[in-house]
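**Q** Start counting the sequence shown at 7; every next residue gets the next number (this note's numbering). Handing you this structure, nothing more for now.
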Amino acid sequence: MHSTASDGALSPAELVARAAEASIRYLALTDHDTLAGLNEARVEAVRQGIQFIPGVELTCRWHKRTLHLLGLGIDPEYEGWREYEARLQRLREQRAETIAFKLRGKRAPDDILERARTHAGRGQIGRPHFARALLEAGVVSTENEAFDRYLGQGKVGDVKAEWPDVAEAIAIVQASGGKAILAHPTKYRMTFSRLRLLLSALAEAGADGFEIGYPGISQDYIRLLLKQAEVLDMQVSSGSDFHNPEHHWTGLGRFPRVETSRHLIHQFYTDMPL
Numbered sequence: 007m008h009s010t011a012s013d014g015a016l017s018p019a020e021l022v023a024r025a026a027e028a029s030i031r032y033l034a035l036t037d038h039d040t041l042a043g044l045n046e047a048r049v050e051a052v053r054q055g056i057q058f059i060p061g062v063e064l065t066c067r068w069h070k071r072t073l074h075l076l077g078l079g080i081d082p083e084y085e086g087w088r089e090y091e092a093r094l095q096r097l098r099e100q101r102a103e104t105i106a107f108k109l110r111g112k113r114a115p116d117d118i119l120e121r122a123r124t125h126a127g128r129g130q131i132g133r134p135h136f137a138r139a140l141l142e143a144g145v146v147s148t149e150n151e152a153f154d155r156y157l158g159q160g161k162v163g164d165v166k167a168e169w170p171d172v173a174e175a176i177a178i179v180q181a182s183g184g185k186a187i188l189a190h191p192t193k194y195r196m197t198f199s200r201l202r203l204l205l206s207a208l209a210e211a212g213a214d215g216f217e218i219g220y221p222g223i224s225q226d227y228i229r230l231l232l233k234q235a236e237v238l239d240m241q242v243s244s245g246s247d248f249h250n251p252e253h254h255w256t257g258l259g260r261f262p263r264v265e266t267s268r269h270l271i272h273q274f275y276t277d278m279p280l
């Protein structure tokens, strides 16, 4: 799940409170490239009686392709996180400036960067904040249109950055005591043959597993990914990827059911002190 510490719509405490109302018992906050919301979320989780899993979703790269790596059950106090977060923050700021420059050539107002920063608040700036800024400026009629026309994969606002290599992201997650999990593997626009190569490379790099139950994935793909998990001896996870209560395709705590003994939830509270 994501909060206002990155590109979510709810504060960490609001997110946890809504999760409690929805009878969610286990919750991982995995904001993009930041641990800033974890303490607030943890405090509220204790108050609500929810088992809290501190996490993060790290932007990284594999063969020039941008990936998202989940760190689940990390130690936010691990000394390496401060420098790593600062590095990602610099990359995000540089990317935001480039996105703004490119959008200004596509009908966006001159102050599009300032508008996006306002929407980001104290959180990490990202493309969803530019989508809200474009909507506010009247350039598009919905945030979805902003991605379809300007910010989605292959569009003018899809600016690449020199993110850390996936092996480096795996290393810091595991050094901080967490599980390194590839997020939403079918959303990288790969053929399944290419995806198998990626999963094999991640297994060789020491990743713990990959996400398998998330909004938009079909049961056919779940079965194919489960087979790969068996072949590669990797674990799997599930999550709603919740960002915003207005985005009904990513409802709070809602994701496809997955039946497997490899699911991480079976191990978190037996062999991982959280």
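No residue lacks a Cβ here, since even glycine has one placed at the ideal position from N, Cα and C.
1) Let me check understanding here. Comparing Cα to Cα, which of K112, L109, A189 lies closest to Q241?
2) With DSSP as the reference, please indicate the residues paired to F216 in a beta bridge.
3) Going by DSSP, name the residue or residues bridged to D171.
4) How about G86 and S182: do their beta carbons lie closer than 8 Å?
5) Around the C-beta of V52, are 16 or more other C-beta atoms found within 10 angstroms, so that it is buried, or is it exposed?
6) Going by Cα to Cα distance, which pick from G163, A92, L78 is closest to L119?
7) How is Q57 classed by DSSP in three states: helix, strand or coil?
8) Taking contact to mean at least 3 C-beta pairs separated by less than 8 Å, is the stretch 85-99 in contact with the stretch 160-178?
9) Measuring only the C-alpha atoms, how far is C66 from Q159?
10) Going by C-alpha distance, which of A47, E236, R229, Y220 is nearest F248?
11) Could you round the C-beta distance between I176 and Y90 to whole angstroms and report it? I think they count as a contact, below 8 Å.
12) On a CA-only basis, which of A114, H125, A213, A122 is nearest K185? Give me that one, please.
13) What are the residues that DSSP puts in a beta bridge with L78?
14) Is A92 buried or exposed, if buried means 16 or more other CB atoms sit within 10 Å of its CB?
15) Output the distance between the C-alpha atoms of L238 and K112, rounded to the nearest integer angstrom.
16) With distance defined between alpha-carbon atoms, name the residue in E103, S199, I218, A173 nearest to A211.
17) Do you know offhand how far H8's Cα is from L78's?
18) Is it a yes or a no for the stretch 30-40 touching the stretch 122-138, going by three-plus beta-carbon pairs under 8 Å?
19) Could you tell me which of P115, R229, A34 sits nearest to G245, measuring between CA atoms?
**A** In terms of the structure at hand:
1) A189
2) Looking at the DSSP assignment, F216 forms a beta bridge with L188, V242.
3) R67
4) yes
5) exposed
6) G163
7) Q57: strand per DSSP, three-state reduction.
8) yes
9) Cα-Cα distance, rounded: 16 Å.
10) Y220
11) Contact annotation, I176 with Y90: C-beta distance approximately 12 Å; criterion of less than 8 Å not satisfied.
12) A213
13) G61, K185
14) exposed
15) Spanning the two alpha carbons is a distance of roughly 45 Å.
16) A173
17) 13 Å
18) Touching, yes, given that three or more Cβ pairs across the two stretches are closer than 8 Å.
19) Each of P115, R229, A34 was checked against the Cα of G245, and the nearest Cα belongs to A34.
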